[in-house]
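Here the sequence shown is numbered in my numbering, starting from 1 and rising by one per residue.
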Amino acid sequence: MPGYVLEHIDIEVNHRCNLACRHCSAQAVRRKSVNELTADEIKGILSRAKSMGLRKIGLTGGEPLFDVAKLESIAKFCVDDLRIPLHTHTNGTLVTEEMCRSGGVLTLFESVSVTFLGGDAPTHDYMTRTKMSFERAFRGAAMIAEAGLPLTCYFIPTHGTCKGFKELTEKLRDIGVKRIRAMALAPSGRARLIFGETAPLDDEVRQFEEDLLAAGSRLGIHMEAGNCTRLSMSQLAVLAGHEKCMSGLNRVHIDSKGNVFPCTAASGVKELTLGNLRKNGFRLEEIWFKSEMIKLIRMMHEGLLSKCAECDREPKCQFGCTVNACGTMSEAERQVCPLIKHS
Ligand SMILES: C[S@@+](CC[C@H](N)C(=O)[O-])C[C@H]1O[C@@H](n2cnc3c(N)ncnc32)[C@H](O)[C@@H]1O
Ligand code: SF4
Ligand code: SF4
1 MPGYVLEHID IEVNHRCNLA CRHCSAQAVR RKSVNELTAD EIKGILSRAK SMGLRKIGLT
61 GGEPLFDVAK LESIAKFCVD DLRIPLHTHT NGTLVTEEMC RSGGVLTLFE SVSVTFLGGD
121 APTHDYMTRT KMSFERAFRG AAMIAEAGLP LTCYFIPTHG TCKGFKELTE KLRDIGVKRI
181 RAMALAPSGR ARLIFGETAP LDDEVRQFEE DLLAAGSRLG IHMEAGNCTR LSMSQLAVLA
241 GHEKCMSGLN RVHIDSKGNV FPCTAASGVK ELTLGNLRKN GFRLEEIWFK SEMIKLIRMM
301 HEGLLSKCAE CDREPKCQFG CTVNACGTMS EAERQVCPLI KHS
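1) Give me the DSSP bridge partner(s) of residue 56.
2) On the DSSP bridge assignment, give the partners of residue 222 in chain order.
3) Pick from 54, 104 and 25: whose alpha carbon is nearest that of residue 72?
4) CB residue 272 to CB residue 289, shorter than 8 Å?
5) Can you tell me which of the three DSSP states residue 275 falls into?
6) Going by DSSP, what residue range makes up the alpha helix (DSSP H) through residue 324?
7) Of all the alpha helix (DSSP H) runs that stay within the bounds of the segment 44-112, which reach a length of 4 or more residues?
8) Mind checking whether residue 63 and residue 35 have CB atoms under 8 Å apart?
9) Pop quiz: residue 346 and residue 229 are said to be a contact at Cβ under 8 Å. What is the actual Cβ separation, rounded to whole angstroms?
10) Using only alpha-carbon positions, find the residue among 284, 293, 29 and 196 that is nearest to residue 129.
11) Should residue 6 and residue 54 be called a contact, given that it needs their Cβ atoms to be closer than 8 Å?
12) Starting from residue 259, trace the alpha helix (DSSP H) in both directions and tell me its first and last residue.
13) Taking the alpha carbon of residue 176 as the reference point, which residue from 81, 219, 191 and 252 has its own alpha carbon closest?
14) Would you list the one or two residues that DSSP bridges to residue 253?
15) Work out the CA separation of residue 8 and residue 242 for me, nearest whole Å.
16) Could you compute how far the alpha carbon of residue 154 sits from the alpha carbon of residue 249?
17) The beta strand (DSSP E) spanning residue 153 covers which residue range?
18) Would you mind sorting residue 70 into buried or exposed? The rule is 16 or more other CB atoms within 10 Å of its CB.
19) What runs of the alpha helix (DSSP H), each 4 residues or longer, lie entirely inside the segment 280-325?
20) Determine the extent of the alpha helix (DSSP H) in which residue 336 is found, giving its start and end residues.
21) Which of the three DSSP states is assigned to residue 345 in this structure?
22) Can you tell which of 300, 333 and 329 has its C-alpha closest to the C-alpha of residue 318?
23) Using a Cβ-Cβ cutoff of less than 7 Å, which residues in the same chain neighbour residue 1 once the five nearest sequence positions on both sides are dropped?
24) Are residue 141 and residue 149 closer than 8 Å when you measure CB to CB?
25) Report the residue from 49, 48, 168 and 110 whose alpha carbon sits nearest the alpha carbon of residue 180.
26) Do residue 263 and residue 208 have their CB atoms nearer than 8 Å?
27) Under a three-way DSSP split, which group does residue 145 fall into?
28) Distance cutoff 8 Å, beta carbons only. Does residue 198 sit that close to anything in chain B?
29) Are residue 164 and residue 119 close, meaning C-beta to C-beta below 8 Å?
30) Looking at the structure shown, is residue 205 part of a helix, part of a strand, or coil, going by DSSP?
31) Pull the bridge partners of residue 116 from the DSSP assignment, please.
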């Protein structure tokens, strides 16, 4: 399929994590995973992608800082050899001052995010299933901000956790945070099984958004969100590059075992798997140009799937979200949907 350029890859540099979040799309675990892509395999994938037009890389996980040597080796390769700008996502709990100092691993990134799953320790630690994780994430964010590195704090509201974010915003302002990104919970990975009882109710989302906007303008903090989050929080500023759904159009997400998905939210959504790089000899271009699923997803974006006319979902995936569809559609809708394989 000519015309589609793979510009952006988010890749899980490991599957390991010191936390055990209830909602984790990567289904990260503490122990070493035998199937994890090696640093050399990841470098090979990214080199190949560069010749396909790659110009933006996100190094994620698992927790990237759980294996600093691996993260640093891949990040240096991207910056020094590929010359492609990088961003990373961390839970913040393993950040040290050394990582933030000149020459430290976090200085290799154009943007670093630290996520908060609640406004205070009881709610955040409940979501991470790890004591002290809130305190340590806050300390990590403070070190990154203090060093003047480009930090964005992510807020992920869930049912019952929405209220405290207003107060947290004030505390983050006090340590120098200037950007906050809201992220809607996606029914992927571990969140899929608990999505019904974990997704925030409409009223909670409305209040969360109002609180964020009010705190942002009072405290001078930029509040933003990507396309899929803005489907439920439309007043938040649009994040650059996320004005519309680009799933499978200019990006993919690669998990720690080499499975390829059309976007990060789709990570672990089996219906949307495009292929596995280990199984196909690391031929990324074959997946990008020839995968039947990526062709279907592009047809869906272009409004060419005639079956969608029979689908009850609103908004339909073309203006909504395929990840949300796969995680929440009824059995009757699954029977109609061309994205679902019936074998
Ligand atoms: C998978 S984590 C990996 C990086 C790092 N361990 C962290 O937590 O930031 C990347 C980001 O995705 C978020 N995330 C994980 N599962 C999610 C889900 N089901 N829906 C929305 N965001 C999710 C995390 O909270 C974090 O902000
Ligand atoms: S969301 Fe991040 S911090 Fe939480 S378990 Fe998954 S990888 Fe770990
Ligand atoms: S769920 Fe399937 S049938 Fe419905 S709009 Fe999305 S792609 Fe089309």
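We put the CB at the ideal spot given by N, CA and C, even for glycine.
Looking at the coordinates:
1) Here residue 56 corresponds to residue number 56 of the sequence shown, with the count starting at 1. DSSP output for residue 56 lists 8 as bridge partner(s).
2) As a first step, residue 222 must be located in the sequence shown, where it is residue number 222. According to DSSP, residue 222 bridges with 179.
3) Residue numbering aside, residue 72 sits at position 72 when the sequence shown is read from its first letter. Checked all of 54, 104 and 25; the closest Cα to residue 72 is 104.
4) Residue mapping note: residue 272 aligns to position 272 of the sequence shown, counting from 1. Residue mapping note: residue 289 aligns to position 289 of the sequence shown, counting from 1. Going by C-beta atoms, residue 272 is not nearer than 8 Å to residue 289.
5) Within the sequence shown, residue 275 is the residue found at index 275, counting from 1. Strand at residue 275.
6) By one-based count along the sequence shown, residue 324 stands at place 324. That run of the alpha helix (DSSP H) goes 322-328.
7) 68-76 and 97-100
8) By one-based count along the sequence shown, residue 63 stands at place 63. By one-based count along the sequence shown, residue 35 stands at place 35. Not a contact, by the Cβ cut-off of 8 Å.
9) Because residue 346 is not part of the residues shown, which for the chain are 1 to 343, the question remains open.
10) Numbered from 1 along the sequence shown, position 129 holds the residue referred to as residue 129. It is 29.
11) Within the sequence shown, numbered from 1, the residue matching residue 6 stands at position 6. Within the sequence shown, numbered from 1, the residue matching residue 54 stands at position 54. Result yes, Cβ atoms of residue 6 and residue 54 sit closer than 8 Å.
12) One-based indexing of the sequence shown puts residue 259 at position 259. That residue, residue 259, is in no alpha helix (DSSP H); its beta strand (DSSP E) goes 259-261.
13) If you number the sequence shown from 1, residue 176 lands on position 176. Cα-wise, what sits closest to residue 176 is 219.
14) For the purposes of this step, residue 253 is identified with residue 253 of the sequence shown, where counting begins at 1. In the DSSP output, where bridge partners are listed per residue, residue 253 has 10 and 261.
15) The count along the sequence shown starts at 1 and reaches residue 242 at position 242. The count along the sequence shown starts at 1 and reaches residue 8 at position 8. Straight-line Cα distance between these residues: approximately 12 Å.
16) By one-based count along the sequence shown, residue 154 stands at place 154. By one-based count along the sequence shown, residue 249 stands at place 249. Going from the Cα of residue 154 to the Cα of residue 249 covers about 25 Å.
17) As a first step, residue 153 must be located in the sequence shown, where it is residue number 153. Residue 153 -> beta strand (DSSP E) spans 151-155.
18) The sequence position of residue 70 within the sequence shown is 70, counting from 1. With 16 or more other Cβ atoms within 10 Å, it is buried.
19) 284-290 and 292-301
20) Against the sequence shown, residue 336 aligns to sequence position 336. Element bounds for residue 336: 331-336.
21) The question about residue 345 has no answer, for the chain in this structure spans 1 to 343.
22) As a position in the sequence shown, residue 318 is number 318, starting the count at 1. The shortest Cα separation from residue 318 among 300, 333 and 329 belongs to 300.
23) Counted from its first residue, the sequence shown places residue 1 at position 1. Only weak support is given to the placement of residue 1: the predicted model assigns it a pLDDT of 48, under 50, and the value that follows is read from those uncertain coordinates. Contacts found: 289, 295 and 298.
24) For the purposes of this step, residue 141 is taken as the residue at position 141 of the sequence shown. For the purposes of this step, residue 149 is taken as the residue at position 149 of the sequence shown. No; because the gap between Cβ atoms is not below 8 Å, this pair is not in contact.
25) Along the sequence shown, one-based indexing puts residue 180 at 180. Nearest option by C-alpha distance: 168.
26) As a first step, residue 263 must be located in the sequence shown, where it is residue number 263. As a first step, residue 208 must be located in the sequence shown, where it is residue number 208. Not in contact: residue 263 and residue 208 (Cβ atoms no closer than 8 Å).
27) For this step, residue 145 is matched to residue 145 along the sequence shown. Here residue 145 sits in helix by DSSP.
28) Absence of chain B from the displayed structure is noted, only one protein chain being present.
29) Here residue 164 corresponds to residue number 164 of the sequence shown, with the count starting at 1. Here residue 119 corresponds to residue number 119 of the sequence shown, with the count starting at 1. For residue 164 and residue 119, yes; Cβs fall inside 8 Å.
30) Along the sequence shown, read from residue 1 onward, the residue named residue 205 stands at position 205. If DSSP states are grouped into helix, strand and coil, residue 205 belongs with the helices.
31) Numbered from its first residue, the sequence shown carries residue 116 at position 116. Bridge partners of residue 116: 155.
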